[in-house]
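Counting from 4, one number per residue, gives the positions in the sequence shown under our numbering. As structure tokens, the structure follows; a few thoughts come after it.
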Amino acid sequence: MITFYYGSGSPFAWRVWLALEHKKVPYELRTMSFSAGELRTAEYLRINPRGRVPAIVDDGFALYESAAIVEYLEEAYPQSGAPLFPGTLLGRALVRRIVEETDNYLGRANERLVERILFTGKENWNETEIERARDSFAVELERFEKMLTADWLAGELSAADHAAYPIIALALRIQKRKAELGIDASIGPRLKAWMSRVEALPYYEKTYPPHWKQV
4 MITFYYGSGS PFAWRVWLAL EHKKVPYELR TMSFSAGELR TAEYLRINPR GRVPAIVDDG
64 FALYESAAIV EYLEEAYPQS GAPLFPGTLL GRALVRRIVE ETDNYLGRAN ERLVERILFT
124 GKENWNETEI ERARDSFAVE LERFEKMLTA DWLAGELSAA DHAAYPIIAL ALRIQKRKAE
184 LGIDASIGPR LKAWMSRVEA LPYYEKTYPP HWKQV
């Protein structure tokens with residue numbers, strides 16, 4: 004059985020959890036505490052020397068980096084659950100491209116919001132920097148809105164959807180800290196409908212970040 008090392012609120016860890024449930028691969032969930040320093044213990048650093056989540060251990064094989072983990076699940080468990088990647092070469096290439104865009108553009112724009120709002124005390128907020136970060140994220144949302152021409156980002160439900168949704172959900176969570184941020188107003192009608200489809204997945208509630216349910 005896979006041991007899955009998870010951190011509540013991490014969009015990358017959430018991606019892997021969605022993939023595990025989608026593939027119906029048995030796993031043991033290990034929720035790691037950021038505040039307690041569990042990611043810096045010698046035991047965990049042997050699994051992921053970068054001290055981040057997610058990571059998995061499967062029959063003694065340790066793997067980190069969410070995109071790599073998702074591809075591993077697809078290849079290691081081809082007969083389990085539903086596929087994360089299409090059966091065609093072009094389809095797989097499309098999913099990989101969208102995942103790369105998610106990480107390199109949408110994700111990085113979101114990280115700027117995380118740094119400037121979540122990881123900075125309110126008394127030190129720089130409104131100009133926050134506005135620039137929000138605008139960068141809004142540009143990426145517009146790109147993804149145009150990209151979405153079917154129910155799912157790559158035509159069928161895939162690893163691309165599992166990658167993008169948690170990042171947008173985190174941005175909306177950040178807006179709860181700063182209500183006037185306006186992320187929700189930047190989400191177009193196609194993306195809103197797509198988000199509703201993700202939220203209707205049978206495993207969505209199970210994977211929703213536990214500590215988000217408390218506030």
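The beta carbon of each residue, even a glycine, is placed where N, CA and C say it ideally should be. Note that the structure is a prediction, hence the values are computed from the model and not measured.
I'd like the span of the beta strand (DSSP E) that includes residue i, first residue to last.
{"i": "T123", "result": "No beta strand (DSSP E) contains T123, which DSSP labels as neither H nor E."}
I'd like to know whether the C-beta atoms of residue i and residue j end up nearer to each other than 9 Å.
{"i": "I98", "j": "L173", "result": "Strictly speaking, residue 98 in this sequence is Val, with Ile absent from that position. Their beta carbons are not under 9 Å apart, which means V98 does not touch L173 by this criterion."}
{"i": "P212", "j": "R18", "result": "no"}
{"i": "V56", "j": "M35", "result": "yes"}
{"i": "R137", "j": "G12", "result": "no"}
{"i": "V28", "j": "I5", "result": "yes"}
{"i": "G10", "j": "F37", "result": "yes"}
{"i": "W215", "j": "K181", "result": "no"}
{"i": "L1", "j": "L160", "result": "No statement about residue 1 is possible, as the shown extent of the chain runs from 4 to 218 and does not include it."}
{"i": "A16", "j": "S83", "result": "no"}
{"i": "R115", "j": "E126", "result": "no"}
{"i": "L76", "j": "L32", "result": "no"}
{"i": "P81", "j": "G158", "result": "no"}
{"i": "V102", "j": "V142", "result": "no"}
In the DSSP assignment, what are the bridge partners of residue i?
{"i": "T34", "result": "Y9"}
{"i": "I170", "result": "Answer by DSSP bridge pairing: none, since I170 is not bridged."}
{"i": "Y67", "result": "A58"}
{"i": "E159", "result": "A157"}
Starting from the Cα of residue i, find the closest Cα among the options and give me that residue.
{"i": "Q54", "options": "A65, D62, L42", "result": "Note that residue 54 is Gly in the sequence shown, not Gln. Of the candidates A65, D62, L42, the one whose C-alpha sits nearest the C-alpha of G54 is L42."}
{"i": "R95", "options": "A162, V19, Y8", "result": "A162"}
{"i": "L109", "options": "T152, H214, E145, E159", "result": "E145"}
{"i": "L21", "options": "G191, K209, Q217, E134", "result": "K209"}
{"i": "E104", "options": "L156, L87, Y80", "result": "L156"}
{"i": "S189", "options": "Q217, Y207, K149", "result": "K149"}
{"i": "P86", "options": "D164, R193, F147", "result": "D164"}
{"i": "E183", "options": "Y8, E134, A196, P192", "result": "E134"}
{"i": "D106", "options": "A45, M198, F147", "result": "F147"}
Just curious, the alpha helix (DSSP H) that residue i is in, first and last residue?
{"i": "V98", "result": "92 to 104"}
{"i": "K26", "result": "14 to 26"}
{"i": "K216", "result": "Counting along the chain, K216 falls outside any alpha helix (DSSP H), and DSSP gives it neither H nor E."}
{"i": "N113", "result": "110 to 116"}
{"i": "D138", "result": "130 to 150"}
{"i": "K209", "result": "207 to 210"}
{"i": "K195", "result": "192 to 202"}
{"i": "R49", "result": "45 to 50"}
I believe residue i touches residue j by the beta-carbon criterion, under 8 Å. Please report the beta-carbon distance rounded to the nearest angstrom.
{"i": "A58", "j": "L66", "result": "7 Å"}
{"i": "A112", "j": "F140", "result": "4 Å"}
{"i": "I171", "j": "Q178", "result": "Not really, about 11 Å apart at Cβ, beyond 8 Å."}
{"i": "R200", "j": "D154", "result": "6 Å"}
{"i": "Y207", "j": "H25", "result": "Contact doesn't hold; Cβ gap of about 11 Å is too wide."}
{"i": "L151", "j": "L194", "result": "6 Å"}
Quick one: does the C-beta of residue i sit closer than 8 Å to a heavy atom of the ligand GTP?
{"i": "A203", "result": "Within the structure as shown, the ligand GTP is missing, as the structure has no ligands at all."}
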